[in-house]
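Chains as they are written, first to last, in this note's numbering: chain A, 1 to 315; chain B, 316 to 468.
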Amino acid sequence: MENRSLVTIADHSKEKIMYLLRMAEEFEKHTNRKLLDGKVVATLFFEPSTRTRLSFETAANRLGARVIGFTDPKVTSSTKGETLKDTIMMVSNYADIIVMRHYLEGAARYASEVSPVPIINAGDGANQHPSQTMLDLYSIYKTQGTLENLHIHLVGDLKYGRTVHSLLMAMRHFNPTFHFIAPDELKMPDVYKEYCRKNHINYVEHKDFTADTIADADILYMTRVQKERFTDLMEYEKVKDLYLLKLSMLEKAKEKMRILHPLPRVNEIEYAIDDDPHAYYFEQAHNGLFARQALICDALGLTLDDVLNDRTIIE
Amino acid sequence: MKREELLVAALESGTVIDHIPSNKLFEVINLLHLEKMKSSITVGYNLKSNKMGHKSIIKIAGKFFSDEELNQLAVISPNVTLCIIRDYEVVEKKEVVLPDELKGIVRCANPKCITNNEPMKTDFHVVDNENGKVALRCHYCNKEVDLDNVKLV
Ligand SMILES: [Zn+2]
Numbered sequence: 001m002e003n004r005s006l007v008t009i010a011d012h013s014k015e016k017i018m019y020l021l022r023m024a025e026e027f028e029k030h031t032n033r034k035l036l037d038g039k040v041v042a043t044l045f046f047e048p049s050t051r052t053r054l055s056f057e058t059a060a061n062r063l064g065a066r067v068i069g070f071t072d073p074k075v076t077s078s079t080k081g082e083t084l085k086d087t088i089m090m091v092s093n094y095a096d097i098i099v100m101r102h103y104l105e106g107a108a109r110y111a112s113e114v115s116p117v118p119i120i121n122a123g124d125g126a127n128q129h130p131s132q133t134m135l136d137l138y139s140i141y142k143t144q145g146t147l148e149n150l151h152i153h154l155v156g157d158l159k160y161g162r163t164v165h166s167l168l169m170a171m172r173h174f175n176p177t178f179h180f181i182a183p184d185e186l187k188m189p190d191v192y193k194e195y196c197r198k199n200h201i202n203y204v205e206h207k208d209f210t211a212d213t214i215a216d217a218d219i220l221y222m223t224r225v226q227k228e229r230f231t232d233l234m235e236y237e238k239v240k241d242l243y244l245l246k247l248s249m250l251e252k253a254k255e256k257m258r259i260l261h262p263l264p265r266v267n268e269i270e271y272a273i274d275d276d277p278h279a280y281y282f283e284q285a286h287n288g289l290f291a292r293q294a295l296i297c298d299a300l301g302l303t304l305d306d307v308l309n310d311r312t313i314i315e
Numbered sequence: 316m317k318r319e320e321l322l323v324a325a326l327e328s329g330t331v332i333d334h335i336p337s338n339k340l341f342e343v344i345n346l347l348h349l350e351k352m353k354s355s356i357t358v359g360y361n362l363k364s365n366k367m368g369h370k371s372i373i374k375i376a377g378k379f380f381s382d383e384e385l386n387q388l389a390v391i392s393p394n395v396t397l398c399i400i401r402d403y404e405v406v407e408k409k410e411v412v413l414p415d416e417l418k419g420i421v422r423c424a425n426p427k428c429i430t431n432n433e434p435m436k437t438d439f440h441v442v443d444n445e446n447g448k449v450a451l452r453c454h455y456c457n458k459e460v461d462l463d464n465v466k467l468v
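Below, the structure written as structure tokens:
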């Protein structure tokens with residue numbers, strides 16, 4: 001049997017990415033359907049993540065599927081010493097697909113190897129979070145009309161930020177120019193810069209974060225700068241205010257430029273920006289719904305044609 | 316036969332693993348599960364070697380390993396030499412070749428990797444890292460470990 005699980009999109013071809021974006025577009029046009037009528041989707045959250053779980057469960061519910069699952073690891077057998085494999089085997093008796101989030105890295109890959117039903121990785125430790133990457137790509141595509149030849153400015157924690165690493169890898173097909181804007185302690189790791197060189201991705205590094213550095217940005221991707229990441233707290237105090245986006249910094253920004261953030265934000269974006277037309281982070285989160293509808297359907301073996309010819313749309 | 320090999324008993328038929336760095340001897344024994352074998356095994360430890368200063372050697376009577384089994388040795392000591400003996404004659408000499416994939420041999424260095432928390436086999440891909448050196452990448456968590464720093468399971 002073909003394994004339709006989604007563990008990472010790092011290996012997805014350009015065609016596959018565009019195909020999934022097309023599918024997400026259809027789900028944005030018509031979100032409520034009975035396309036998954038009779039299907040059961042399990043959401044297994046071995047680590048709590050309310051935001052991601054609600055998004056997946058809404059995606060499934062709005063397609064007519066039923067949802068089972070658990071969130072709190074304390075009430076599940078995983079804390080009683082049951083192996084991940086046993087939990088997956090048990091749940092696969094009940095569900096047609098399993099969406100799982102786990103605190104251990106590689107958990108989703110392993111689950112996809114032992115599970116008789118497809119697995120969707122909703123985050124495995126610091127490793128992969130493909131549905132976040134998919135909604136980021138969809139947001140960029142929707143706001144810019146293309147993924148090709150864009151200037152993408154990544155700001156904040158580029159060292160530990162899993163979302164920026166995945167985005168960088170997924171964008172390799174589209175000739176982007178990346179701008180890395182980060183304090184020394186949190187700068188883009190060498191392994192990703194090497195990845196850029198190998199894949200002919202242009203990049204520029206900046207230390208300062210001003211109206212001028214972001215003037216040519218098409219996408220301004222903000223991330224959280226967390227105190228816990230710093231070994232030297234003096235250093236944190238020095239840089240914490242340098243990577244805050246203020247309304248005044250947008251004066252030279254391109255009209256079509258959009259600000260993304262994986263959310264939740266702490267204080268890296270001034271609240272006054274929320275009403276500015278460049279702000280896009282709430283819509284971005286909303287796009288997660290359509291992106292996840294596409295990922296669930298694809299993992300269940302439904303095609304773009306099935307979605308285009310769908311007669312179960314609820315107007 | 317080289318003089319130093321005569322320090323341990325000659326073999327009628329079987330496998331000789333030579334030029335093992337002495338500090339890797341026990342890892343070689345573990346890797347090939349020699350402790351579970353019924354055949355007679357002769358181990359020479361800290362023997363003098365012109366090439367290496369000191370080396371170790373293992374002779375396993377009546378046992379012939381598959382290339383797959385022997386190539387695992389490349390992970391811990393890439394320069395061992397192998398002799399296949401039949402009727403007291405060396406019928407074949409081999410060197411070990413690092414395979415593309417290593418299943419159930421190496422431990423992942425990442426404590427948050429699923430392989431360190433679930434009863435399962437590890438799986439590593441042999442890759443060139445960004446410095447052009449050979450590294451092992453965990454199939455599950457994607458973390459890389461230098462070949463010089465590997466720990467066996
Ligand atoms: Zn690992």
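For every residue, glycine included, the Cβ atom is placed at its ideal position computed from N, Cα and C. In this text, all values refer to a predicted model and were calculated from it rather than measured experimentally.
query, result
"Output the distance between the C-alpha atoms of B:Lys339 and A:Val164, rounded to the nearest integer angstrom.", "41 Å"
"Would you check whether ligand 1 has a heavy atom nearer than 8 Å to the C-beta of A:Glu105?", "yes"
"Compare the C-beta of A:Thr83 against all C-beta atoms of chain B and say whether one is closer than 9 Å.", "yes"
"Between the alpha carbons of A:Phe13 and B:Tyr455, how many angstroms are there, rounded?", "In the sequence on display, residue 13 of chain A carries Ser and not Phe. Rounded to whole angstroms, A:Ser13 to B:Tyr455 spans 21 Å at the Cα level."
"What is the rounded straight-line gap between the Cα of B:Glu319 and the Cα of A:Glu82?", "Unreliable placement is indicated for B:Glu319, whose pLDDT of 48 sits below 50; the coordinate value is still reported in the next sentence. Cα-Cα distance, rounded: 53 Å."
"Ligand 1 heavy atoms versus the CB of B:Lys448: any closer than 8 Å?", "no"
"A:Ile120 and A:Ile296 look like a contact to me (Cβ under 8 Å); what is the Cβ gap, rounded to whole Å?", "7 Å"
"Kindly say whether A:Arg109, judged by its beta-carbon, lies nearer than 9 Å to any beta-carbon of chain B.", "yes"
"Quick one: using the 10 Å Cβ neighbour count with 16 as the cut-off for buried, is A:Tyr281 buried or exposed?", "buried"
"Apart from the five residues on each side of it in sequence, which residues of its chain come closer than 6 Å, Cβ to Cβ, to A:Leu247?", "Glu270, Ala272, Ile273"
"Looking at the C-beta of A:Gly347, does it have a partner C-beta in chain B at a distance below 9 Å?", "Past the edges of chain A, shown from 1 to 315, lies residue 347 of chain A, and the structure says nothing about it."
"Enumerate in chain order the residues of its own chain whose CB-to-CB distance from A:Tyr141 is below 6 Å, with the five nearest sequence positions on each side excluded.", "Leu21, Leu147"
"Compare the C-beta of A:Asp124 against all C-beta atoms of chain B and say whether one is closer than 9 Å.", "yes"
"Answer yes or no: does any C-beta atom of chain B fall closer than 9 Å to that of A:His102?", "yes"
"Let's test the definition: count the other Cβ atoms within 10 Å of the Cβ of B:Ala325 and tell me whether it reaches 16, buried, or not, exposed.", "exposed"
"Quick check: is any heavy atom of ligand 1 less than 8 Å from the C-beta of B:Tyr455?", "yes"
"Go through its chain and collect everything with a Cβ distance to A:Asn149's Cβ below 6 Å, but skip five positions before and after it.", "Asn175"
"Using 8 Å as the threshold, is the region 355-362 of chain B in touch with the region 292-308 of chain A, meaning 3 or more CB pairs across them?", "no"
"Of the residues A:Leu244, A:Val114, A:Gly145, A:Thr31, which one's Cα is nearest the Cα of A:Leu289?", "A:Thr31"
"Rounded to a whole number of angstroms, what is the C-alpha to C-alpha distance between A:Thr312 and A:His200?", "44 Å"
"So, under 8 Å CB-CB, A:Ala253 and A:Ala217 are touching, yes? Tell me the CB distance rounded to an integer number of Å.", "7 Å"
"May I have a chain-ordered list of the beta strand (DSSP E) segments no shorter than 3 residues that lie completely inside the region 190-274 of chain A?", "202-206, 219-222, 258-260"
"Can you tell me whether B:Ile429 sits near ligand 1, meaning its C-beta is under 8 Å from at least one heavy atom of the ligand?", "yes"
"Flag this pair as yes or no: are the beta carbons of A:Pro116 and A:Met134 separated by less than 9 Å?", "no"
"Just the Cα atoms here: how many angstroms apart are A:Phe27 and A:Ile98?", "20 Å"
"Tell me which residues share the same chain as B:Glu342 and place their Cβ nearer than 7 Å to its Cβ, disregarding the 5 neighbours each side in the sequence.", "Ile391, Leu467"
"Please confirm whether any heavy atom of ligand 1 lies closer than 8 Å to the CB of B:Cys423.", "yes"
"Would you call A:Met234 buried or exposed, if buried means 16 or more other Cβ atoms sit within 10 Å of its Cβ?", "exposed"
"So which residues of chain A does B:His454 contact, with C-beta pairs closer than 8 Å?", "Gly106, Arg109"
"When DSSP builds the beta bridges, which residues end up paired with A:Leu44?", "A:Phe70, A:Met100"
"Quick check on DSSP: helix, strand or coil for B:Cys428?", "strand"
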